[in-house]
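K.L.:
Numbering (our numbering), first residue to last: 777 to 949. This is the structure, below, for whatever I ask next.
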């Protein structure tokens with residue numbers, strides 16, 4: 777299935793000059809959602825993953841579906857103050873300033889093999905921070921997956937030591 781055709785471009789969102797890749801049009805299409813989940817699952821041949829961790833918020837959707845297909849647990853990685861139990865956090869750089877993500881301290885155990893998932897790879901800062909969180913807890917990042925990758929922003933450069941996969945790629949805005 778041609779998943780790219782199910783992605784809607786929204787000009788000037790969230791700010792002027794940005795073309796937002798809206799995946800809600802793919803998610804509402806039953807065949808598109810199923811196909812995306814199946815294709816992400818098929819990237820995982822023989823990885824022996826023990827948990828899937830997804831980044832807030834759109835990374836939760838397909839990440840949880842892939843976890844279910846693998847028969848493993850799902851771990852949410854969230855913005856600050858959204859998780860109820862004890863957390864660790866990691867900061868990362870934004871275009872202007874910094875942001876932070878958190879994970880529960882007991883979400884990952886030493887030796888867990890983790891698939892990290894998010895909807896979109898742009899500059900790579902959020903995913904790089906997520907990798908650091910997983911590794912601080914003793915997990916091994918065995919693969920990183922994205923529904924969409926914006927190649928022109930070079931996000932893979934921050935993730936060179938990992939097996940990075942994406943289903944849909946854009947070479948320009």
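Glycine included, every Cβ here is placed at the ideal spot set by N, Cα and C.
Leaving out the 5 sequence neighbours to the left and right, which residues in its chain are closer than 8 Å to residue 907 when beta-carbon positions are compared?
P.N.:
Your numbering for residue 907 matches position 131 in the chain shown. Around residue 907: 892, 917, 920, 935 and 938.
K.L.:
With a cut-off of 8 Å on the beta carbons, I'd call residue 837 and residue 877 a contact; round off their distance for me.
P.N.:
As a first step, residue 837 is located in the chain shown; it is residue number 61 there, counting from the start. As a first step, residue 877 is located in the chain shown; it is residue number 101 there, counting from the start. Distance from residue 837 to residue 877 at the Cβ level is roughly 17 Å; contact not present, criterion being Cβ atoms closer than 8 Å.
K.L.:
Could you tell me the alpha carbon to alpha carbon distance between residue 856 and residue 864, rounded to whole angstroms?
P.N.:
Here residue 856 corresponds to residue number 80 of the chain shown, with the count starting at 1. Here residue 864 corresponds to residue number 88 of the chain shown, with the count starting at 1. Between residue 856 and residue 864, the C-alpha separation is close to 10 Å.
K.L.:
According to DSSP, is residue 794 part of a helix, a strand, or is it coil?
P.N.:
Taking the chain shown and counting its residues from 1, the one referred to as residue 794 is at position 18. The answer is coil: DSSP assigns residue 794 none of H, G, I, E or B.
K.L.:
Would you say residue 947 and residue 930 are within 8 Å of each other, going by their C-beta atoms?
P.N.:
Your numbering for residue 947 matches position 171 in the chain shown. Your numbering for residue 930 matches position 154 in the chain shown. It is not a contact, given that the beta carbons lie outside the stated cut-off.
K.L.:
Compare the Cα-Cα distances from residue 785 to each of 835, 778, 933 and 797 and report the closest residue.
P.N.:
Mapped onto the chain shown, residue 785 falls at position 9. For the residues 835, 778, 933 and 797, the minimum Cα distance to residue 785 belongs to 797.
K.L.:
With residue 943 and residue 803 assumed to form a contact (beta carbons below 8 Å), what rounded beta-carbon distance in angstroms separates them?
P.N.:
Counted from its first residue, the chain shown places residue 943 at position 167. Counted from its first residue, the chain shown places residue 803 at position 27. So it is not a contact: roughly 14 Å between Cβ atoms.
K.L.:
Relative to the alpha-carbon of residue 842, which residue among 898, 922, 900 and 886 has its alpha-carbon at the smallest distance?
P.N.:
The residue given as residue 842 occupies position 66 in the chain shown. It is 922 whose Cα lies nearest to the Cα of residue 842.
K.L.:
Using the Cα positions of residue 791 and residue 924, report the straight-line distance between them to the nearest angstrom.
P.N.:
Here residue 791 corresponds to residue number 15 of the chain shown, with the count starting at 1. Here residue 924 corresponds to residue number 148 of the chain shown, with the count starting at 1. The straight-line gap from Cα to Cα measures roughly 20 Å.
K.L.:
Using 8 Å as the threshold, is the C-beta distance between residue 888 and residue 915 below it?
P.N.:
Taking the first residue of the chain shown as position 1, residue 888 is located at position 112. Taking the first residue of the chain shown as position 1, residue 915 is located at position 139. Contact: yes.
K.L.:
Just reading off the alpha helix (DSSP H) that residue 811 is part of, what are its end residues?
P.N.:
For the purposes of this step, residue 811 is taken as residue 35 along the chain shown, with counting starting at 1. Segment 806-818, the alpha helix (DSSP H) holding residue 811.
K.L.:
Using the rule of at least 16 other Cβ atoms within 10 Å of the residue's Cβ for burial, across every protein chain shown, is residue 800 buried or exposed?
P.N.:
As a position in the chain shown, residue 800 is number 24, starting the count at 1. By the neighbour-count rule (16 or more Cβ atoms within 10 Å), residue 800 is not buried but exposed.
K.L.:
Could you give the uninterrupted runs of the alpha helix (DSSP H) lying entirely in the region 809-891, keeping only those of 4 residues or more?
P.N.:
DSSP runs (the alpha helix (DSSP H)) wholly in the region 809-891: 834-846.
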